[in-house]
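**Student:** Before I ask anything, let me first share the structure, which is written out below as C-alpha cells.
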Amino acid sequence: MALFKNITIGQYIPGNSAIHRLDPRTKIIGTVLLIVLLFMVDSFLGYALAAVAIFGIVQLSEIPWRIILRGLRPLFVILLLTVSLHLFMTEGTPIFRIWFIEVTWEGLFRGVMMGVRLALLVMGTSLLTLTTSPINLTDGIESLLKPGKRIGVPAHELAMMMTIALRFIPTLLEEAEKIMKAQMARGADFQSGGLMQRAKSLIPLLVPLFVNAFRRADDLAIAMEARGYRGGEGRTKFKELHFGQADAIALGVSIAFVVLVGVLF
Amino acid sequence: MPIVVERVSHIYMEGTPMAKVALRDVSLTIEDGEFVGLIGHTGSGKSTLVQHFNGLLMPTSGRVYVDGVDLTDKHTSLRAIRQKVGMVFQYPEHQLFGETVFEDVAFGPRNAGLEEREVEARVKEALEMVGLDYSALKDHSPFELSGGQKRRVAIAGVLAMKPAVLILDEPTAGLDPEGSADILSKIQALHGAGKVTVIMVTHSMEDVARMSTRLVVMEQGGIVFDGAPREVFTQVELLKEMGLGVPQVTELMHELKGKGLPVQTNILTLEEAEAELVRVLELKRHGTV
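Structural data, given as C-alpha cells:
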C-alpha cells in the first residue's frame, strides 16, 4: 500500500475513545457546527478558542497528532496560495514593498487568518472520519436525512450508495496498486515523461480498473438481490443507533460553545 | 541469474496503528534453473516475498540481490531488473488492457524499447509458448476471450519479455481442471527447455510435488521448510499442524503404513504410488511379508 499511504481523508482509525463511542449523528452535527463556527468567527481570539476546542477533541479521540497533521500535507499548496494571495492582494497600511508588490498589515492579518481557518477546517472535519467507521457514518447520515423523506429525499438510497462507495474505496485503491504493480512488472513507467506521456501511461492502469469495477458492481448487485435486498422500505437494522447521555452532553456543549464563541468573537 | 534475499523484513503501513509485519528476517538464495514451489497459508508472506524479487516491494530492512545487483540501492534500474525477473500476478487476466491481444502482449517488449520487428517476433513466440494461435487471435480484443485464454494471454505478456526468472503467483487459481493442467504443462515445458528459473506460489501440494525441484514452506512471514519436495513432505504431521497437508497420495501411503502395510511413504505422485503398491502387493502374494 506504499503508493497510497498518505491519503488521510476518509481514513478511519479504529479506537475506543470517548469520541469514537459517540453517536455518529452527534459527531456529524458537531462537525457541521464546527464548520459554521469557523466561518462565523472573525478575530484571532475566536480562532484561538476554536483551535483549543479542536485540540481538546483530538486529545480525547486519542488519535496521534502525526496522523492529523499528515492530513494537512496535501493541503500545503492551497494553504500557501491562500496565505500569499491575501498577503499580497490586500490594500491597507504597507509594511514594505518590493517593486510593485506591496505587503500590508491587513494582508498579513487576513492571510494568516485564512490559513488558520483552512487548517482548522481540515483538521476538524477529518476528525469525523478518523473516529467514525464508514458504516456508522452512513447510518448517521441516513438517520439525519430521514425527515427529508417527505419532501422526496431518498435517504436510504443515498446512504446505501455512500456505504458502497466508501466500502469500495480501499478495494479500488488496492486493485489500482495491484494493476500498477503488474504493469510495472512489464516495464511500465508511471512517473516520468511529459504530461501527454504520463496521461498515456495511465491507460494500462485505467482500462483494467474500470473493467474490474464494472464486473464487481455487477457481482455486487446480483449478490445483494440474492440476499433479498429490495431497497430501504421496511428494512431493519442490526445495529441501532443510540443517542445516549454522553451524546446529549457533547451536543449541548458544542452548541453552547459555537453560539458563545460565534456571537462574541 | 541467482536471486539472493538477505535477512529481509517487510512491514506494511509502518508507523501506523495498522502496521503489519509480513516478512521477518527471511534469507533465501534461488539458483539458476531451479523450479521453486512456494507454499503457505494466505497471509504467510509468500506474495510479499516474491514481490521483493523484482523490486516491486522494497524491504523494510535487509537486502535483495538479483544477479549480484543490489535492488535496495537507489541507483539500480528496477525497470531493467523487471525485464529479467518476470512476474505473473494472481488473476493476471484482470490486468489486460490492450485493444487487441497483440497490443497487450507487446506492452512489455515495447517498454523495453525493442524494435517493432523484434516486438512482433516476441509476441508471436510468447503466444505460441502458451499454446495460443498467433494469427487467429492477435487482432481479437482480449476481453472477448474465454477465461483460460485470457489467462494465457496475460502470461504471454510476461513471457514476451524473455525473463530469465519467471515468478508465478497462483497461476491456476480459478481455472477448471483442464485449463489449469494445460497452464501447468506449459510452465513445466518452459522450465524443461532450460531457459528459465521458475518460482511458483501455489496452494496445490500435488502441483508442487510433481513439478518443483525445491519446496519452500512459509508461515507467519518466515521460512519453515526449505528443501526437495520429497524431503519436506516427510514432515506430514508438522505440515498438517500448519493446516497445509501433503499430496493426497503421500497421505494415503502414510495411512496405509499406519494400517500395517509396509510401504515406503516418500511417495509424491500417482505413478510412484502405483509402482510402490504393486511392489508391496507382489511381496505379499509371495508371502514374504
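First to last, the sequence lines map onto chains A and B.
Residues in the first sequence are numbered consecutively from 28, following the numbering used here.
Residues in the second sequence are numbered consecutively from 1072, following the numbering used here.
Even for Gly, the Cβ is constructed at its ideal location relative to N, Cα and C.
1. Alpha carbon to alpha carbon, how far is valine 286 of chain A from valine 79 of chain A?
2. Under DSSP, the beta strand (DSSP E) around tyrosine 1162 of chain B begins and ends at which residues?
3. Could you tell me whether the stretch 1131-1141 of chain B touches the stretch 1201-1217 of chain B, using the rule of 3 or more Cβ pairs below 8 angstroms?
4. For a contact meaning CB atoms closer than 8 angstroms, what does glutamine 1154 of chain B contact in chain A?
5. Taking contact to mean 3 or more Cβ pairs, one atom from each stretch, closer than 8 angstroms, check whether the stretch 1252-1263 of chain B and the stretch 1285-1295 of chain B are in contact.
6. Got a sec: is the Cβ-Cβ distance from methionine 211 of chain A to anything in chain B below 8 angstroms?
7. State the start and end residues of the unbroken beta strand (DSSP E) segment that holds phenylalanine 292 of chain A.
8. When the Cα atoms are used, what is the spatial distance from arginine 1189 of chain B to lysine 1266 of chain B?
9. DSSP on arginine 1301 of chain B, reduced to helix/strand/coil?
10. Between which two residues does the beta strand (DSSP E) carrying glycine 1202 of chain B extend?
11. Residues of chain B with a CB under 9 angstroms from the CB of isoleucine 95 of chain A: which are they?
12. Any beta carbon of chain C sitting closer than 8 angstroms to that of isoleucine 162 of chain A?
13. Which complete alpha helix (DSSP H) runs does the stretch 1217-1273 of chain B hold, if anything under 4 residues is left out?
14. Please report whether the beta-carbon of arginine 1095 of chain B lies at a distance below 8 angstroms from any beta-carbon of chain A.
15. How many angstroms separate the CA atom of threonine 1321 of chain B from the CA atom of glutamate 1345 of chain B?
16. What number of angstroms, rounded off, separates the C-alpha of proline 235 of chain A from the C-alpha of isoleucine 206 of chain A?
17. Nearest by alpha-carbon distance to leucine 291 of chain A: which of A:Ser70, A:Ile55, A:Leu135 and A:Ile46 is it?
18. In three-state DSSP terms, what is valine 1076 of chain B?
19. Given a cut-off of 8 angstroms on the beta-carbon distance, is the pair threonine 109 of chain A and glycine 151 of chain A in contact?
20. Any C-beta of chain A sitting closer than 8 angstroms to the C-beta of phenylalanine 1214 of chain B?
21. Judging by CA-CA distance, which residue of B:Gly1179, B:Thr1268 and B:Leu1339 is the nearest neighbour of phenylalanine 1100 of chain B?
22. Expressed to the nearest angstrom, what Euclidean distance is found between the alpha-carbon atoms of aspartate 1175 of chain B and leucine 96 of chain A?
23. Taking 8 angstroms as the threshold (beta carbon to beta carbon), is valine 234 of chain A in contact with chain B?
24. If you count every other CB in all the chains shown that lies within 10 Å of the CB of aspartate 1278 of chain B, and 16 or more means buried, which is it?
25. Excluding five sequence neighbours on each side, which residues of the same chain lie with their C-beta closer than 8 angstroms to the C-beta of methionine 28 of chain A?
26. Starting from isoleucine 196 of chain A, follow the alpha helix (DSSP H) in both directions and report where the run begins and ends.
27. Using a C-beta to C-beta distance shorter than 8 angstroms, which residues of chain A count as neighbours of asparagine 1182 of chain B?
28. For leucine 64 of chain A, I'd like the list of residues in its chain whose CB is within less than 7 angstroms of its CB, leaving aside the five on either flank, ordered along the chain.
29. Less than 8 angstroms between CB atoms is the rule here; does arginine 1150 of chain B satisfy it with respect to chain A?
30. Pick out whichever of B:Lys1145, B:Leu1149, B:Gly1108 and B:Glu1105 has its Cα sitting closest to the Cα of phenylalanine 1124 of chain B.
31. Pull up the DSSP beta-bridge partners for proline 91 of chain A, would you.
32. Assign glycine 1219 of chain B to one of two classes, buried (16 or more other C-beta atoms within 10 Å of its C-beta) or exposed (fewer than that).
33. Output yes if chain B places a C-beta closer than 8 angstroms to the C-beta of lysine 208 of chain A; else output no.
34. Per DSSP, what kind of secondary structure is arginine 1150 of chain B in: helix, strand or coil?
35. Please list, in chain order, the chain A residues whose beta carbon lies closer than 9 angstroms to that of asparagine 1372 of chain B.
36. Is any non-hydrogen atom of the ligand PLP found closer than 7 angstroms to the C-beta of glutamine 1154 of chain B, if you look at the structure I gave you?
**Tutor:** With the given structure in hand:
1. 16 angstroms
2. It is not in any beta strand (DSSP E) - tyrosine 1162 of chain B carries neither H nor E in the DSSP assignment.
3. no
4. Gly214
5. no
6. yes
7. That residue, phenylalanine 292 of chain A, is in no beta strand (DSSP E); it is neither H nor E in DSSP.
8. The sequence given here has glutamate at residue 1189 of chain B, not arginine. Rounded to whole angstroms, glutamate 1189 of chain B to lysine 1266 of chain B spans 19 angstroms at the Cα level.
9. helix
10. Run containing glycine 1202 of chain B: none; DSSP gives neither H nor E here.
11. Ordered by position in chain B, no residue passes the 9 angstroms Cβ test against isoleucine 95 of chain A, which lies about 13 angstroms from the chain.
12. Within the model displayed, chain C is absent; protein chains A and B are what it includes.
13. 1218-1230 and 1248-1263
14. no
15. 12 angstroms
16. 8 angstroms
17. A:Ser70
18. strand
19. no
20. yes
21. It is worth fixing the name first, because residue 1100 of chain B is threonine in this sequence and not phenylalanine. For threonine 1100 of chain B, the nearest C-alpha among the options comes from B:Thr1268.
22. 42 angstroms
23. yes
24. buried
25. Per-residue confidence for methionine 28 of chain A stands at a pLDDT of 41, beneath the threshold of 50, marking its modelled position as unreliable; the derived number appears in the next sentence. These residues qualify, in order along the chain: Leu200, Glu201 and Glu204.
26. 182-212
27. Arg213, Gly214, Ala215 and Asp216
28. Ala77, Val285, Val288 and Gly289
29. yes
30. B:Leu1149
31. Note: proline 91 of chain A sits in no beta bridge, so no partner.
32. buried
33. yes
34. helix
35. In this structure chain B extends from 1072 to 1360, so residue 1372 of chain B is not present and cannot be described.
36. This structure simply doesn't include the ligand PLP, nor any ligand for that matter.
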